[in-house]
Amino acid sequence: MNFPEIKNLEERYYANVFGRLPVAVTHGKGIYLWDVSGKKYLDCFAGIAVSSLGHAHPAIVKTIAAQAKELIHVSNWLYTIPQLELAKLLCKISGMNKAFFTNDGTEAVECALKLAHRMTGKTKFISTRGAFHGRTLGSLGLTHSEKCRKPFEKILKYKNIVFIDYNDCDALRNAIKDDKKNNNKIAAVILEPIQGEAGVVIPGENYLPEVREITKENDILLIADEVQTGFGRTGKMFAYEHRGVKPDILCLAKGIGGGFPIGACLFREGLDFEKGEHGGTFIGSPLACAVSKAVIETIIKDKLIVNSEKQGRYLLENLLDAGFDARGKGLMIGINTNDGKKKVMELIEKGILTIHSENTVRIIPPLIIEKQHCDEFLGKI
Ligand SMILES: Cc1ncc(COP(=O)(O)O)c(C=O)c1O
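The opening residue of the sequence shown carries number 354 in the working numbering; numbering runs sequentially from there.
Here it is, written out as structure tokens:
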């Protein structure tokens, strides 16, 4: 099938939601993807920071085949070992106490909202301007983008959201002060340690530690949404480690499964649901959990977090040297341009895949990227 035929199929049969790039992919290997015409691309966005091991990684392929032969799904009426082993591994690497699995990032945030309300009895949440936390009717309330929220404002589940400026602790203090005058209803503050969809917004060094201090002082839970920043993306396993803080609740997805759909909500000691308060048919399936465990173990065994820091630094330094207006942490880099869409299209012509948030071109490649790939990217941009 050629590209115009594929485009026609989409227009006729698929919901009108995606503003896609004009590339139809057939297969991938390592950091490269190929389209229907046989053109090869360097993948510099990894399916939006997801395919941390690149494409067709042997550890993922082997685990999917082996686990599918044993068991794919039984539901949570029964125990399965891969689910509990993954929960144990996640708690070990994060220092959190318990895990709940989800199918994606928005469900991880939904879980965090329910848990925060359940544990505090409070109904209000603080989110930040620019934040993206998902598109289901709870998490959408925390997502700041007007384009995502506005058409559905009347049916949002949580209307009790206060948006404050990101990277502004005085705004947080003021919001809490106002809340105290109004019966003290704030259950939690939710934020991304680095805002991803907003275009790689990196807060000041003291922001996270100060937010942690303020939330602790005021008995408010801190939910870190590391759906995008987790699993080595920023040069640490989790981005909160850069600042030595620990959240009460941690939302994860994207890189956790290397492309297999799975997410997780982790929480500290003292927080938990009662039986029956949360659940889901597909969540924590043996297949998803076995793949996720293989992905995390490969990230650790192949030292991909160190690689993320090293290649990220190399990319950023070279971009800055070449005069680009860029910023980043590990392999999460944003480049300001005059026209983000135009730059992404220009790079597609040259065989490089990136995405953009308005005029910020985002470089979020697989963690397996090597120097030669960075040079290929730098040569073409
Ligand atoms: C920080 C953050 N939270 C939540 C989500 C929602 O995740 P999903 O698209 O898997 O539902 C995203 C997606 O981009 C995200 O970047």
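Even glycine gets a Cβ: it sits at the ideal position worked out from N, Cα and C.
Residue i classed as buried or exposed, judged by whether at least 16 other C-beta atoms fall within 10 angstroms
i, result
"Ile539", "buried"
"Lys628", "exposed"
"Asn450", "exposed"
"Pro719", "buried"
"Lys682", "buried"
"Thr455", "buried"
"Ala421", "exposed"
"Gln581", "buried"
"Asp396", "buried"
"Ile721", "buried"
"His726", "buried"
"Asp518", "exposed"
"Met698", "exposed"
"Gly732", "exposed"
"Thr379", "exposed"
"Ser661", "buried"
"Met685", "buried"
"Glu423", "exposed"
"Asp678", "exposed"
"Thr634", "exposed"
"His426", "exposed"
"Phe485", "buried"
Contact test: residue i Cβ vs ligand 1 heavy atom, cutoff 8 Å
i, result
"Lys663", "no"
"Arg488", "yes"
"Glu550", "yes"
"Gly483", "no"
"Val414", "no"
"Gly612", "no"
"Cys604", "yes"
"Ala461", "yes"
"Glu723", "no"
"Ile401", "yes"
"Glu563", "no"
"Ser492", "yes"
"Lys569", "no"
"Glu545", "yes"
"Lys607", "yes"
"Val554", "no"
"Gly616", "yes"
"Val648", "no"
"Asp578", "yes"
"Gln581", "yes"
Near ligand 3: residue i beta-carbon under 8 Å from a heavy atom
i, result
"Gly458", "For ligand 3, the structure offers nothing, since it holds only ligand 1."
Coarse secondary structure for residue i, derived from DSSP in three states
i, result
"Tyr519", "coil"
"Asp655", "coil"
"Asp625", "coil"
"Val389", "coil"
"Phe591", "coil"
"Arg586", "coil"
"Phe505", "helix"
"Val378", "strand"
"Arg715", "strand"
"Val697", "helix"
"Ile417", "helix"
"Met472", "helix"
"Tyr340", "The requested residue 340 is not part of the displayed model; the chain covers only 354 to 734."
"Arg526", "helix"
"Leu669", "helix"
"Ser638", "coil"
"Leu603", "strand"
"Lys467", "helix"
"Thr455", "strand"
"Phe356", "helix"
"His631", "coil"
"Lys477", "strand"
"Lys646", "helix"
CB-CB length for residue i against residue j, believed under 8 Å
i, j, result
"Leu544", "Ala577", "7 Å"
"Glu579", "Ser710", "That pair is no contact at about 18 Å."
"Leu575", "Asp601", "5 Å"
"Glu557", "Asn520", "First, the residue type needs correcting, since residue 557 is Gly and not Glu in the sequence shown. Yes, they are in contact, since the Cβ atoms of Gly557 and Asn520 sit about 6 Å apart, within 8 Å."
"Cys464", "Cys618", "4 Å"
"Ser645", "Leu374", "So it is not a contact: roughly 27 Å between Cβ atoms."
"Asp457", "Ala606", "5 Å"
"Ile573", "Ala541", "6 Å"
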